[in-house]
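J.:
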Amino acid sequence: MKAGASAGRTRWLDLDLSRRLSAYFHVPDGLLPGGLIGALRRWQREHLRRVLLKTVNKSPYYRERIGPRRAHSLLTAMSSSDPLDLLSALPFTLPADLEQDPEAFLTIGHGEVDGVISLPTSGSTGPGKRIFCSAADLARTTAFFRNGMRYLVRPGVSDGGRGDRVALLMSGDRPGSVGDLLSRAMADIGVACSAPGFVPPGADGEASAMDALLALRPTCLVGVPSQVFGLARNERARALGESVSTVLLSGDTVTPALRRGIAEGLGCAVFVHYGLTETGLGGAVECPERAGCHMREADLLVEIVDEAGRAVPDGEWGEVAISTLTREAMPLLRYRSGDEGRIAPEPCACGSVLRRLYARGRLSERVPLPDGGMLRLADIDQVLYALPFVRGYAAILHEGQGGPAGMTLEVDLSAGNEAERASESLRRIREALTALPGARVAESESAAAGPGFTVAARLASGKADAAEVRRRQAKQVLIRQQFSF
Ligand SMILES: [Zn+2]
């Protein structure tokens, strides 16, 4: 058995939550009134009221947005009824607001800020999103990583150099970045961790990343889904899989086909993490059941809302909106993430009290179809990544009158499939694309101008995986909006 495969089935996140709540309510560990779930809801109620009080008193943005009279009536109502029931009375916070004037969200002095993460701006106004963190904010995220990663690695096993080793396929050099906090978390539990960084674009970049990984022989990889997928379809995937037993994917959508491709290519267990830089990086992570990400509910209050901002019932898809309950530097109320998600209505088989979130991509990564349906980037991932000879693709949209009329997909084949099997591969790709919702598969690009939404496929023309490079560049823009690596 590979190292790490026996990381165990202890509910680490619940264990940590129980300790935290027991300390807060001054009761012996495990003797929480109302049990862990009752104590968690009470904690959420008390902290939601506290965060409202803090933001209207200290953040210029919320002071102006909510106003003193409304703040007073909300706080009065929260003291007589359940604050969680009043969540929908609070205003949403939009990404554009944060971009416009990040400093207006600060509730501590500049001297108390311990980390600043800058995110690129999507428009031309304002200084761009800057996310401020206090030392305690960073410590809470590190603790979440420490507990979440215990599903993937065994702590403190040095074992003559044969213990678990984590390789971060993202940059860990900037203080407060995901890589930096994960490195700190691994150091805390005595697990070796190195950060070879993002997989550079192109075949040569992937080859050099593979060289570095084969020298490191990690037992656990942490990376961006499409990049780890590329490694799992690389000709040396089997050699890498000899050491790797667990993979954590973060920063982008994970479809079942992508997960299966990585699990089979590397012979490992694949876990998913969901989080936003804006709400403190670590957000939710899968347990060994690997059926949705358990949310960090003591620190984040997650809602799913429809386009009009109304809460939707558990189980239904909508936009993920997050309120921070414990952020010191920059608390946020009902921050609209731009991500599509749903909350699992039933408890997880692992027995955790923490509810589970499923995410299926950015709302901006959808194309409205003439029949009223939606085509998601995740739909294309699911169809193409399910084919064993595909390692990446680029999607090019064709604009028609009043909306997109069609799309051309440039598909990269994995090594050994480029030449002799190319026409057979293209036939199978076209056949698979008929499963895309609302799309009519065209034989060629010139035929893509027909009625309805047409999809044409061609093979990427070889040199240094040009299509894969473009897809990564496009995706990384989206990834950087969520994460600062
Ligand atoms: Zn679970």
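Numbering (my numbering), first residue to last: 1038 to 1522. All residues carry an ideal CB built from backbone N, CA and C; glycine is no exception. Here the structure is a predicted model, which means the values were calculated and not measured.
(1) Using the three-state DSSP reduction, which class does His1109 fall into: helix, strand or coil?
(2) Report, in whole angstroms, the separation of the C-beta atoms of Gly1319 and Phe1181, which I expect to be a contact under 8 angstroms.
(3) Could you tell me which whole beta strand (DSSP E) segments of length 3 or greater appear in the region 1369–1419?
(4) Give a single yes or no on whether His1084 has its beta carbon closer than 7 angstroms to a heavy atom of ligand 1.
(5) So Gly1260 is in the beta strand (DSSP E); what residue range does that whole segment cover?
(6) Taking all protein chains shown into account, decide if His1084 is buried (16 or more other Cβ within 10 angstroms of its Cβ) or exposed.
(7) Closer than 5 angstroms from C-beta to any heavy atom of ligand 1: which residues, in chain order?
(8) With a CB to CB cut of under 6 angstroms and the five nearest residues on each side skipped, what residues in its chain are close to Gly1410?
(9) Pick from Leu1206, Phe1235 and Arg1187: whose alpha carbon is nearest that of Asp1225?
(10) What residues in its chain sit with their C-beta under 8 angstroms from that of Leu1069, if we drop five residues either side in the sequence?
(11) Would you call the CB atoms of Ala1423 and Trp1080 closer than 8 angstroms?
(12) Which ranges would you report for the beta strand (DSSP E) in the region 1225–1281 if only whole runs of at least 3 residues count?
(13) Quick check: what's the CA-CA separation for Phe1490 versus Arg1403?
(14) Can you pull the DSSP bridge partners for Met1444?
(15) Quick check: what's the CA-CA separation for Arg1517 versus Asp1289?
(16) Note down the Cα distance separating Thr1047 from Leu1131, rounded to an integer number of angstroms.
(17) Tell me, please, which residues DSSP counts as bridged to Tyr1311.
(18) Within the chosen definition, does the region 1326–1340 reach the region 1386–1401 through at least 3 CB pairs nearer than 8 angstroms?
(19) Once DSSP output is grouped into helix, strand and coil, what is the label at Arg991?
(20) Do Gly1352 and Pro1382 count as a contact pair if the criterion is CB distance below 8 angstroms?
(21) Are the beta-carbon atoms belonging to Val1322 and Leu1286 less than 8 angstroms from one another?
(22) Would a check of beta-carbon distances place Val1420 closer than 8 angstroms to chain C?
(23) Hey, could you find the ends of the beta strand (DSSP E) Met1332 is sitting in?
(24) For the 8 angstroms Cβ check, are there 3 or more pairs between the region 1218–1238 and the region 1365–1384?
(25) Could you tell me which of Ala1494, Lys1091, Gly1213 and Val1342 sits nearest to Gly1443, measuring between CA atoms?
(26) On a CA-only basis, which of Ala1176, Ala1114, Val1492 and Pro1105 is nearest Leu1412? Give me that one, please.
(27) What residues in its chain sit with their C-beta under 7 angstroms from that of Ala1549, if we drop five residues either side in the sequence?
(28) Relative to the C-alpha of Tyr1395, which residue among Pro1405, Leu1450, Leu1156 and Ala1328 is closest?
(29) How many whole angstroms separate the CB atoms of Phe1142 and Val1153, which I take to be in contact at a CB cut-off of 8 angstroms?
(30) Within a Cβ cutoff of 7 angstroms, which residues of the same chain sit near Ile1145, ignoring the five residues on either side of it in sequence?
(31) Quick check on Gly1302: does DSSP put it in helix, strand or coil?
(32) Assuming Ile1341 and Ala1348 are in contact, meaning their beta carbons sit under 8 angstroms apart, how far apart are those beta carbons, in whole angstroms?
T.: Once the coordinates are examined:
(1) For this step, residue 1109 is matched to residue 72 along the sequence shown. DSSP places His1109 in helix when its eight states are reduced to three.
(2) Position 282 of the sequence shown, counting from 1, holds the residue named residue 1319. Position 144 of the sequence shown, counting from 1, holds the residue named residue 1181. About 4 angstroms; that satisfies the 8 angstroms criterion.
(3) 1372–1380, 1393–1399, 1403–1405 and 1411–1413
(4) Position 47 of the sequence shown, counted from the start, is the residue given in the question as residue 1084. No, the Cβ of His1084 stays beyond 7 angstroms of every heavy atom of ligand 1.
(5) By one-based count along the sequence shown, residue 1260 stands at place 223. Run containing Gly1260: Cys1257 to Gly1260, per the beta strand (DSSP E) assignment.
(6) The residue given as residue 1084 occupies position 47 in the sequence shown. So His1084 ends up on the buried side.
(7) Cys1324, Glu1326, Cys1385, Cys1387 and Ser1389
(8) Position 373 of the sequence shown, counted from the first residue, corresponds to residue 1410. Excluding positions up to five away in sequence, the list reads Pro1474 and Gly1475.
(9) Indexing the sequence shown from 1 puts residue 1225 at position 188. Nearest C-alpha to Asp1225: Arg1187.
(10) On the sequence shown, residue 1069 is found 32 positions in, with the first residue counted as 1. Once the five neighbours on either side are set aside, the close Cβ partners of Leu1069 are Ser1055, Leu1058, Ser1059, Phe1062, Gly1075 and Ala1076.
(11) In the sequence shown, counting from the first residue as 1, residue 1423 sits at position 386. In the sequence shown, counting from the first residue as 1, residue 1080 sits at position 43. For Ala1423 and Trp1080, no; Cβs fall outside 8 angstroms.
(12) 1229–1231 and 1257–1260
(13) In the sequence shown, counting from the first residue as 1, residue 1490 sits at position 453. In the sequence shown, counting from the first residue as 1, residue 1403 sits at position 366. Straight-line Cα distance between these residues: approximately 13 angstroms.
(14) Counting from 1 along the sequence shown, the entry for residue 1444 is found at position 407. DSSP, once it has assigned bridges, lists Leu1434 and Val1492 as partnering Met1444.
(15) Taking the first residue of the sequence shown as 1, we reach residue 1517 at position 480. Taking the first residue of the sequence shown as 1, we reach residue 1289 at position 252. Residue placement at Arg1517 is flagged as unreliable, the pLDDT there being 27, under the threshold of 50; the coordinate-derived value follows with that caveat. Taking the straight line joining both Cα atoms gives about 10 angstroms.
(16) Counted from its first residue, the sequence shown places residue 1047 at position 10. Counted from its first residue, the sequence shown places residue 1131 at position 94. Computed Cα separation, rounded: 37 angstroms.
(17) For the purposes of this step, residue 1311 is taken as the residue at position 274 of the sequence shown. The partner list for Tyr1311 (beta bridge, DSSP) reads Ala1321.
(18) yes
(19) Within the shown structure, residues of the chain are numbered from 1038 to 1522, placing residue 991 beyond reach of any answer.
(20) Residue mapping note: residue 1382 aligns to position 345 of the sequence shown, counting from 1. Residue mapping note: residue 1352 aligns to position 315 of the sequence shown, counting from 1. Their beta carbons are under 8 angstroms apart, which means Pro1382 touches Gly1352 by this criterion.
(21) Taking the first residue of the sequence shown as 1, we reach residue 1322 at position 285. Taking the first residue of the sequence shown as 1, we reach residue 1286 at position 249. It is not a contact, given that the beta carbons lie outside the stated cut-off.
(22) No chain C is present in this structure, which holds just one protein chain.
(23) The residue you call residue 1332 lines up with position 295 of the sequence shown. Looking at the DSSP string, the run of the beta strand (DSSP E) that includes Met1332 is Cys1330 to Met1332.
(24) no
(25) As a working mapping, residue 1443 is identified with position 406 in the sequence shown. Closest option to Gly1443, Cα to Cα, is Ala1494.
(26) In the sequence shown, counting from the first residue as 1, residue 1412 sits at position 375. Among Ala1176, Ala1114, Val1492 and Pro1105, the Cα nearest to that of Leu1412 is on Val1492.
(27) The question about residue 1549 has no answer, for the chain in this structure spans 1038 to 1522.
(28) Translated into the one-based positions of the sequence shown, residue 1395 becomes position 358. Checked all of Pro1405, Leu1450, Leu1156 and Ala1328; the closest Cα to Tyr1395 is Ala1328.
(29) Locating residue 1142 in the sequence shown gives position 105, where the first residue counts as 1. Locating residue 1153 in the sequence shown gives position 116, where the first residue counts as 1. That pair is no contact at about 12 angstroms.
(30) Here residue 1145 is taken as the residue at index 108 of the sequence shown, counted from 1. If we look at Ile1145 and ignore the five residues flanking it on each side, its Cβ neighbours are Ser1171, Glu1365 and Ala1366.
(31) Within the sequence shown, numbered from 1, the residue matching residue 1302 stands at position 265. Helix at Gly1302.
(32) Along the sequence shown, read from residue 1 onward, the residue named residue 1341 stands at position 304. Along the sequence shown, read from residue 1 onward, the residue named residue 1348 stands at position 311. That pair is a contact at about 7 angstroms.
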